[in-house]
Amino acid sequence: MSTTSRTTTQESGGSTSPSRAPARRRRNKVEPAYFIMLVPVVILFTLFITMPAVIGMFYSFTNYVGYGSWHFIGLTNYTSLFSDPNIRHAYGFTLLFSIVTVVAVNVIALALAIGLSGKIKFKTTLRGVFFVPMVISGIVIAYVFSYLFSTTVPAIATSLGIGGLETSILVNTHWAWVGIVVVATWQSVPGAMIIYLAGLLSIPGEVYEAASIDGASPWRQFRSITFPLVAGYVVINTILGVKAFLNVYDIIIGTTNGGPGTSTQSVAMTIFTGFTSGDYAYQMANAVIFFLVTVIISLLQLEIIRRRGVAI
Amino acid sequence: MSAPTLNDAPVVPTTRAKGLVAPKESYKVNWGATALMAVLSPAVLLPLYFAISMSLKSAQDAATGSGFSLPSTFEWSNFKTAWTLTHFPRAFGISLAVALVTVAGLLVFASMAAYAIARNWERKLFRYSYYYLLAAMFIPFPVIALPQIKLTALVHIDNPIGVTFLHILFGLSFNVLLYSAFLRSIPDELEESARLDGAGTWQVFRSLIFPLLAPMNATVGIFAFLASWNDFMMPNLITADPHLQTIPVVQSIFQSQFSTNYGVAFSSYLMAMLPTIVVYVISQRWVMQSMTRGAIK
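Protein chains in written order, with our numbering: chain A, 1 to 312; chain B, 313 to 609.
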């Protein structure tokens, strides 16, 4: 949006003031320096990102196992993907995980951001504390939480007599995913919180003062002032969050490693098996589907934003 | 349309930057909110407490109870064991080199690309390059992982060099976007006066634009460093030789050996976490300011 406005101001500026005319004429010939700044980057990008994507897509229509000869098998990989219970489960798990995590992260991050943007004491210290998870590696955090889930929580649950939590949640086929959501949420809250905090701090305090004078309750203030103003940030956080959570990998490796069985295997994990299990082409088809799912989800979100008329 | 838009961003930073650091003037402290935040902070601190306390426990000590108790004796040798087992200095060196080169690469290449694009926006080649680079944000690493693993092996960069290279390439999309947004707020007039004084494009970029980008460089640098330093997926899949792995991957390589001794395992986790936490605590205000600036863009 702002890029187009920039171009128009430049052009109108050039045509109205004659003194800018030579500058404009000079622009007609691009200096080589600009090419040197951009072109090599674009070429490397094409070689190492676009090309693998195209090659991978090509192999998804073959029976290539990762080495040796191959021939085209049409859409066979794709049709068998749809009837593969393992793959379907991986998509189901990954989507469920992403949706639950993105909701949990946004609710907690917004609540914390509101608390931390308020008139609190020890502001810098408290903000500092809540940002810490952002600098820690996901796999390390997953290992620490793995211990908490398998030892600390059961020990406490046993001594308090809480049924159901006496064994590790991570070895429970039905509930292991909740443990992964907890770890992912713990790690992802600060990133979302930064964005909310930045948004909240840009709302002038006078707005709230005026609302209080008019007798608006804190909840009313949140609903009518805070939320509409941060709605744009909710959108940004949701898009960034879903995109990141769909690729969930290290946190699962560190907690359940896909288990028990394959109950917490994410799509990324199934794709990576293609490297060792000899179904390279099959998993490339999976990757193509995964790419399409990612794009469709992103476009859906953008469409919702457009309908709602939220500017980002 | 009442929501703040990206276009408002250039106006906001000053107020926001000030807001991050507690203002000097006195205000009525909301003790309720302060208490609530303080009560919630263990949610973040508790796992860190565990990491520290467990790392000092002896094997028997660590294997009993809920892990809440403080260590009965301080088993400092855990760190020594973890240090030698994970070849910590080597893993640390590799992690640091990968992260630093990634930061340097992104600072140079993303800013140059964004500058070239921003100053030639009316040209198709530059405009389409921008959209092209941006479109890659829709291509997560897992989608192209398999061909990329083969490709890096083929050109013999299935090692930290390849990981660094890919970190830079994958970081381009987002950071070119960040830089472009910031470059728009730099007035053309500044540049034109420099050019009238006879400075060429390279000189303008090096001595005028790049220094002006300093706040954004900090943001890009911090995010790129953290993403690269903490990445597990890419080094794990790209680097073939386990001896050349980064710190996060090393944790998983030695997991089976750790499982017999929680004390050693947590010493290793703590050593893996500590570098970024220490740097963060020292430079907290600056880091938070820089990250918030990036958040708005």
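Even glycine gets a Cβ: it sits at the ideal position worked out from N, Cα and C.
Note that the structure is predicted; figures quoted are calculated from it, not measured.
Neighbourhood of residue i by C-beta distance below 7 Å, restricted to the same chain and skipping five residues each side
| i | result |
| --- | --- |
| residue 195 of chain A | 233, 236, 237 |
| residue 495 of chain B | 426, 427, 430 |
| residue 287 of chain A | 56, 271 |
| residue 610 of chain B | Only positions 313 to 609 of chain B appear in this structure, which leaves residue 610 of chain B out of reach. |
| residue 470 of chain B | 464, 550, 551, 552 |
| residue 365 of chain B | 382, 383 |
| residue 407 of chain B | 541, 558, 559 |
| residue 105 of chain A | 185, 188, 189, 192, 241 |
Exposed unless 16 or more other CB atoms sit within 10 angstroms - verdict on residue i
| i | result |
| --- | --- |
| residue 445 of chain B | buried |
| residue 90 of chain A | buried |
| residue 123 of chain A | buried |
| residue 396 of chain B | exposed |
| residue 616 of chain B | Chain B is shown from 313 up to 609; residue 616 of chain B falls before or after that span and cannot be answered. |
| residue 610 of chain B | Outside the shown range of chain B, which is 313 to 609, sits residue 610 of chain B, and nothing can be said about it. |
| residue 131 of chain A | buried |
| residue 82 of chain A | exposed |
| residue 436 of chain B | exposed |
| residue 479 of chain B | buried |
| residue 267 of chain A | buried |
| residue 318 of chain A | Here chain A covers residues 1 to 312 and nothing more, so residue 318 of chain A does not appear. |
| residue 72 of chain A | exposed |
| residue 459 of chain B | buried |
| residue 483 of chain B | buried |
| residue 440 of chain B | exposed |
| residue 147 of chain A | buried |
| residue 98 of chain A | buried |
| residue 220 of chain A | exposed |
| residue 295 of chain A | exposed |
| residue 513 of chain B | buried |
| residue 52 of chain A | buried |
| residue 447 of chain B | exposed |
| residue 347 of chain B | exposed |
| residue 343 of chain B | exposed |
Sequence-distant residues of the same chain with beta carbon closer than 6 Å to residue i, five excluded per side
| i | result |
| --- | --- |
| residue 474 of chain B | 464, 550 |
| residue 503 of chain B | 516 |
| residue 293 of chain A | none |
| residue 589 of chain B | none |
| residue 393 of chain B | 576 |
| residue 581 of chain B | 363 |
| residue 282 of chain A | 77 |
| residue 413 of chain B | 476 |
| residue 565 of chain B | 554 |
| residue 285 of chain A | 60, 77, 78, 81 |
| residue 173 of chain A | 260, 263 |
Contact test: residue i Cβ vs the ligand FAD heavy atom, cutoff 7 Å
| i | result |
| --- | --- |
| residue 88 of chain A | Of ligands this structure carries none, so the ligand FAD is not represented either. |
Residues of its chain near residue i, where Cβ-Cβ distance is below 8 Å and the 5 sequence neighbours each way are ignored
| i | result |
| --- | --- |
| residue 153 of chain A | 165, 168, 169 |
| residue 65 of chain A | 278, 279, 280, 281 |
| residue 303 of chain A | none |
Problem - chain B contacts from the region 82-100 of chain A (Cβ-Cβ distance under 8 Å) - result: none
Exercise for the section: Note down, in chain order, all residues in the region 467-501 of chain B with a beta-carbon under 8 Å from any beta-carbon belonging to chain A. Expected result: 477, 478, 481, 482, 484, 492, 493, 496, 500
Practice task
Output, in sequence order along the chain, the residues in the region 247-259 of chain A whose CB is closer than 7 Å to any CB in chain B.
Solution key: 247, 249, 250, 253
Handout entry: Cβ-based contacts, 8 Å cut-off: residues of the region 267-283 of chain A near chain B
Key = 267, 268, 271, 272, 274, 275, 280, 283
Practice task
Specify whether the region 245-256 of chain A and the region 83-101 of chain A touch according to this definition: at least 3 beta carbon pairs, one from each stretch, less than 8 Å apart.
Solution key: yes
Problem - Inside the region 158-193 of chain A only - alpha helix (DSSP H) runs reaching at least 4 residues - result: none
Practice task
Check whether the region 215-224 of chain A touches the region 174-192 of chain A, taking contact to mean three or more Cβ pairs, one atom from each stretch, closer than 8 Å.
Solution key: no
Exercise for the section: Decide yes or no for the touch test of the region 571-578 of chain B against the region 365-375 of chain B: beta carbon pairs closer than 8 Å, at least 3 of them. Expected result: yes
Handout entry: Unbroken stretches of the beta strand (DSSP E), 3 residues or longer, contained in the region 401-460 of chain B
Key = none
Handout entry: Secondary structure, alpha helix (DSSP H): runs of 4+ residues fully inside the region 63-109 of chain A
Key = 76-82
Handout entry: the region 136-148 of chain A contacting the region 538-548 of chain B, beta-carbon criterion three pairs below 8 Å
Key = yes
Exercise for the section: Note down, one range per segment and in chain order, each beta strand (DSSP E) of at least 3 residues found wholly within the region 460-487 of chain B. Expected result: none
Handout entry: Short-range partners of chain A found in the region 529-541 of chain B, where Cβ spacing is below 7 Å
Key = 538
Exercise for the section: Jot down the residue ranges of each uninterrupted beta strand (DSSP E) in the region 188-253 of chain A, minimum 3 residues, whole runs only, in chain order. Expected result: none
Handout entry: Cβ contact check for the region 595-602 of chain B and the region 521-541 of chain B: 3 or more pairs under 8 Å
Key = yes
Handout entry: Contact residues within the region 176-195 of chain A, judged by C-beta distance below 8 Å to chain B
Key = 186, 194, 195
Exercise for the section: For the region 369-406 of chain B, list the alpha helix (DSSP H) runs that are entirely contained and at least 4 residues long, ordered along the chain. Expected result: 371-375, 389-397
Handout entry: Contact set between the region 401-421 of chain B and chain A, restricted to residues whose Cβ is under 7 Å from the partner
Key = 421
Handout entry: Secondary structure, alpha helix (DSSP H): runs of 4+ residues fully inside the region 484-545 of chain B
Key = 500-508, 513-516, 526-542
Handout entry: Members of the region 149-171 of chain A near chain B, C-beta cut-off 7 Å
Key = 151, 152, 155, 156
Practice task
Could you please tell me which residues of the region 373-401 of chain B, in chain order, have their CB closer than 8 Å to any CB of chain A?
Solution key: 377, 378, 379, 380
Handout entry: Interface positions of the region 210-229 of chain A facing chain B (Cβ-Cβ less than 7 Å), listed along the chain
Key = 228, 229
Problem - Residues in the region 51-79 of chain A having any Cβ partner in chain B nearer than 7 Å - result: 52, 53, 55, 56
Handout entry: Ordered list of alpha helix (DSSP H) runs contained in the region 542-573 of chain B, each at least 4 residues
Key = 545-550, 559-565, 567-570
Problem - Contacting positions in the region 286-301 of chain A - beta carbon closer than 8 Å to chain B - result: 287, 288, 290, 291, 294, 295, 298
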